[in-house]
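Here is the structure we will look at.
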Amino acid sequence: MTERTKAWHGAFAVSLLTVFAIAVAGYHPFSEDGGIYVAGIRKLLDPSLYPAWTDFVTEHLRFSLFAPSIATLVRLTHLRLEIVLLFLYAGSVWATLYGGWMLASRVSQDWRARCGAVTLFACWLTLPIAGTSLMLVDPYLTARSLSTPLLLMALAWTFDATSGGKRAWLWVATAIGAAAALHPLMAAYGFAVVLMLCAVRPTSRLTRRWSHYSLLALALGLAAAIQWRAPAETSDYVQVALTRYYWFPTEWRWFEWIGLIAPLGLLHWLHNLRPRSAWRDLAQTARQIGLFAFLVAWLFARTSFATHLVARLQPLRTFQTVYEIMILLLGAWLGERVLKAIPLRWAALLLVMGPLLFYAQFETYPNSGHIEWPWTQPVNQWEQAFLWVRDHTAKDALFALDAHYITQGKHEDAQCFRAIAERSALPDYSKDGGEASITPALTEPWIIGQTAQSNLETESDQQRAAKLKPLGVSWIVLQTPSMTGWTCPYTNTVVKVCRLP
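When you number the sequence shown by the working numbering, it's gap-free, plus one each residue, and the end is 789.
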């Protein structure tokens with residue numbers, strides 16, 4: 289079988305696995321960070337939206353071409369944003385799996401190994417990454433959904449370039465450049481992985497050793513310079529930064545440490561399986577970059593420091609690539625040594641892993657449709673209320689919700705109000721707190737907003753009005769059991785929408 293034929297067969301296998309992966313992992317376009325990106329895209333499509341507290345919608349747009357690109361695509365195709373998001377999400381899953389196929393093809397010529405790599409990748413698509421608050425692939429579209437496959441492809445082309453293919457360097461640069469336009473931070477860490485792969489590829493042991501030392505010195509030197517040159521932080525911002533506990537490894541819980549240590553141990557075992565091969569080079573790359581990232585985070589991402597710029601850059605996000613490589617190599621080993629050419633074993637792998645992934649996602653989104661198609665009405669009652677808000681309130685209305693509605697709202701499933709309701713809202717503790725932690729200029733408005741919304745569910749109407757009216761709030765969203773004498777034109781069994789008098 290020629291390489292071209294294998295590539296076509298790989299594309300076909302990846303297409304089937306994409307359907308499998310989405311079917312078991314689900315799709316929730318307005319939840320978690322997906323909602324943040326969608327609100328930004330909506331603002332670009334309709335500048336009249338979100339006239340109040342606008343910075344929490346637009347601030348992240350400064351660093352990426354992701355939202356402007358999606359908005360342009362919507363205008364060019366004349367399709368609904370929701371349709372475009374669905375097609376791009378499916379395409380991003382396919383591209384991510386195909387990037388995994390490309391990387392697996394550089395370390396093994398065995399068809400079973402390549403299939404095993406992408407099959408296990410598809411089975412573990414939404415695996416949490418240690419304590420970093422990341423998953424391999426989110427069940428919604430973000431800038432990271434598109435930067436991830438680009439960086440996997442850049443790694444695959446780096447193998448070609450370091451093997452003498454000079455034109456491949458152009459593909460590496462193009463992939464990293466495109467990733468940087470979408471997600472600069474993840475592209476920077478992807479570039480670091482490419483440099484590490486270049487460092488482990490030379491045949492000379494002395495060259496490899498000094499390349500490692502140089503990269504380690506560069507990583508530590510950059511982190512030290514960033515920490516030293518970081519601007520002073522206000523006491524209020526420090527409090528915001530400390531709400532993101534996952535920035536600081538010393539604050540992790542014991543089981544999150546397993547998510548750091550176990551992949552490095554597995555990579556060490558995989559590294560020793562095939563000395564002096566592309567397989568070994570890839571395993572060593574992931575192991576070394578993981579160790580470097582951990583060392584930087586351990587030394588410089590500490591709660592006790594006066595500034596937290598290194599922590600804000602989240603060096604442990606590099607573990608996304610560490611996990612991807614670990615899964616691909618482990619899957620390749622399974623395909624070669626365990627599954628082999630026995631269809632029943634491959635079916636067993638999918639039948640065991642598929643339900644586990646489905647169950648994990650069902651437990652994460654128990655009150656929402658498993659796949660939230662753009663042409664169906666949502667079953668989540670918070671989403672139903674948010675849609676009523678979109679259809680029955682003025683564009684300049686300002687809403688208040690409990691500061692913790694995303695994480696503590698009963699049956700809420702982290703569905704984002706702004707993305708669905710298309711209305712302004714005071715900043716919440718969870719997602720807007722994340723925005724404020726990345727952008728210190730948002731600290732003061734975030735504190736004002738989330739303080740005004742604390743305990744809304746249990747306060748009296750007088751207390752609510754005293755906090756919300758000075759901020760211009762005209763509507764409030766409460767859980768149905770909450771007591772209020774205000775008019776609530778929309779109510780379901782979970783949530784109600786009420787007008788301030």
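Backbone N, C-alpha and C fix where the C-beta goes; we use that ideal spot for every residue, glycine too. In this text, all values refer to a predicted model and were calculated from it rather than measured experimentally.
| Query | Result |
| --- | --- |
| Rank Ala475, Leu686 and Glu745 by C-alpha distance to the C-alpha of leucine 337 and give the top, closest one. | Leu686 |
| Check threonine 430 in the structure and name its three-state DSSP category. | coil |
| Just how far apart, CA to CA, sit leucine 376 and isoleucine 324? | 17 Å |
| When the Cα atoms are used, what is the spatial distance from alanine 355 to lysine 331? | 10 Å |
| Need the endpoints of the beta strand (DSSP E) that tryptophan 535 sits in, please. | Unbroken run through tryptophan 535: none, as it is neither H nor E. |
| For valine 460, count neighbouring Cβ atoms within 10 angstroms of its own Cβ and tell me buried if that reaches 16, exposed if not. | buried |
| Between tryptophan 670 and glutamate 651, is the Cβ-Cβ spacing less than 7 Å? | no |
| Just grab the DSSP bridge partners of lysine 784 for me. | Leu766 and Thr779 |
| Using 7 Å as the threshold, is the C-beta distance between valine 526 and alanine 673 below it? | no |
| Would you report the Cα separation of serine 742 and asparagine 668, rounded to the nearest angstrom? | 24 Å |
| Pairs of beta-carbons, one from the segment 507-521 and one from the segment 641-649, closer than 8 Å: are there three or more? | no |
| Please state the DSSP three-state secondary structure of serine 592. | coil |
| Quick check on alanine 702: buried or exposed, where buried means 16 or more other Cβ atoms within 10 Å of its Cβ? | buried |
| Helix or strand or just coil, what does DSSP make of tyrosine 338? | coil |
| Are the segment 457-472 and the segment 591-608 touching by the rule of at least three beta carbon pairs closer than 8 Å? | no |
| Please look up how many angstroms separate the CB atoms of arginine 605 and leucine 434, rounded, as I've assumed it's under 8 Å. | That belief does not hold up - the Cβ atoms of arginine 605 and leucine 434 are roughly 16 Å apart, past 8 Å. |
| DSSP state of glutamine 703, grouped into three classes? | strand |
| Give me the Cα-Cα distance between glutamine 576 and methionine 484, rounded to the nearest whole angstrom. | 8 Å |
| So if DSSP puts methionine 423 in a beta bridge, which residue, or which two residues, is it bridged to? | Pro416 |
| Look up alanine 691 in the DSSP assignment and say whether it is helix, strand or coil. | coil |
| Using three-state DSSP, classify isoleucine 324 as helix, strand or coil. | helix |
| Where do the N-terminal and C-terminal ends of the alpha helix (DSSP H) with proline 715 fall, by residue? | Looking at the DSSP string, proline 715 is not in any alpha helix (DSSP H), and its letter there is neither H nor E. |
| If you measure between the beta carbons of glutamine 738 and proline 715, is that distance less than 7 Å? | yes |
| Residues in its own chain within less than 7 Å of alanine 449 by CB, not counting five upstream and five downstream? | Ala456, Trp457 and Val460 |
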